[in-house]
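To keep things clear, I will list the structure first and then write my remarks on it.
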Amino acid sequence: SSGIYEKRFGKMKDLVIDVDMIDGNGKLRKYGAEVIGTEGTIGIFTKIKLKIIDKIYEKSMELLKFDKMEQLIEKVVSLKNNDEAMAIEYINRYASALIGLDAKHHLIVEYNSFEGDIKDYADIERIWKIRKGAFSKVAAEGYILMEDPFVPLENMAEFLDWLETNQIPSFGAIGVSVLHTCFKEREEIKDLIEIVNKLNGRFGERFGFGLLKKDTLSNIRKHELLTMKAQFDPFDIFNKEKVVNVWNRTN
């Protein structure tokens, strides 16, 4: 799992120092961040020690609009190389229209400096409120299903073109190559899975996995979970067969 500042601070597991966990053998032990993201399949966390991050005092923002996808991608590439850019969020033109913005592609960029032209904290919070409320407004128009594909930046232009062609409202942390794609019917998600796999992408970056999404697990991640499941919960006590089945390694 991660948030809007993943580009600057990393994922949740990057902020974990250690974890106290009761495993499937009934043993309470201390582990590192490697057990984060296992979807409750290997044990019960009783304590988590987290890193503390210094408060950010210097911040600013830009709200950028684009008509052409090529210009947007060029800007994202430039921003990814800018260490002061803490967050780079994208809202495509279909989502923009649904949440009350101009029907254009938007980038929200927050800096750990005064580089952006929006410096008033109230204005920054107002823009974040629009972004954070995006799904509720999109869902109100019938797009009640949301996925969280990761697509490598080198393939992002093709993915954005696919979303544009299929008129799929989308928004998310394009700075770390994760978008929230919204649908009205579950059947439509099959095409999303196909294009994400074609573009060497993956799922579960923000929302994790469960019964509905376990089929989107990459073979690498499935092998990791099976290995940890066999080690920490060999009798399949926790969330039995919910994500992986330790007794059937092809599941």
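Under the numbering used here, the first residue of the sequence shown is numbered 78, with each subsequent residue one higher.
The beta carbon of each residue, even a glycine, is placed where N, CA and C say it ideally should be.
- Item | For Lys142, the three-state DSSP class (helix, strand or coil) | strand
- Message: Please state whether the Cβ-Cβ distance between Tyr198 and Lys132 is less than 9 Å.
- Response: no
- Nearest-angstrom beta carbon gap, Pro246 and Ala307 [assumed within contact, 8 Å]: 41 Å between Cβ atoms; not a contact.
- Query: Going along the chain, which residues of its own chain have a beta-carbon closer than 7 Å to the beta-carbon of Gly117, five neighbours each way excluded?
  - Reply: Phe315, Asn316
- Give me the Cα-Cα distance between Glu301 and Ser295, rounded to the nearest whole angstrom. 10 Å
- Opening and closing residue of the alpha helix (DSSP H) in which Lys88 lies: No alpha helix (DSSP H) contains Lys88, which DSSP labels as neither H nor E.
- Helix or strand or just coil, what does DSSP make of Lys273? The displayed chain sequence assigns Val, not Lys, to residue 273. Val273: helix per DSSP, three-state reduction.
- Message: Let me confirm a value: Asn169 is counted as buried when at least 16 other C-beta atoms fall within 10 Å, else exposed. Which label applies?
- Response: Per the 10 Å Cβ criterion, buried.
- Query: Would you report the Cα separation of Ile119 and Lys126, rounded to the nearest angstrom?
  - Reply: 19 Å
- Task: Return the Cβ separation of Glu166 and Ala250 in integer angstroms, given the expectation that the two are a contact with Cβ distance under 8 Å.
- Result: 6 Å
- Per DSSP, what kind of secondary structure is Glu318 in: helix, strand or coil? The DSSP-derived three-state label of Glu318 is coil.
- Task: Count the other CB atoms, across all protein chains shown, that sit within 10 Å of the CB of Leu156; report buried if there are 16 or more and exposed otherwise.
- Result: Buried.
- Message: Excluding the 5 residues flanking Thr201 on each side, which residues of the same chain have their C-beta closer than 8 Å to its C-beta?
- Response: The question names Thr, but residue 201 in the sequence shown is Ile. Counting only residues of its own chain and dropping the five nearest sequence neighbours on each side, Ile201 has a CB closer than 8 Å to the CB of Lys136, Ser137, Met138, Glu187, Ile195.
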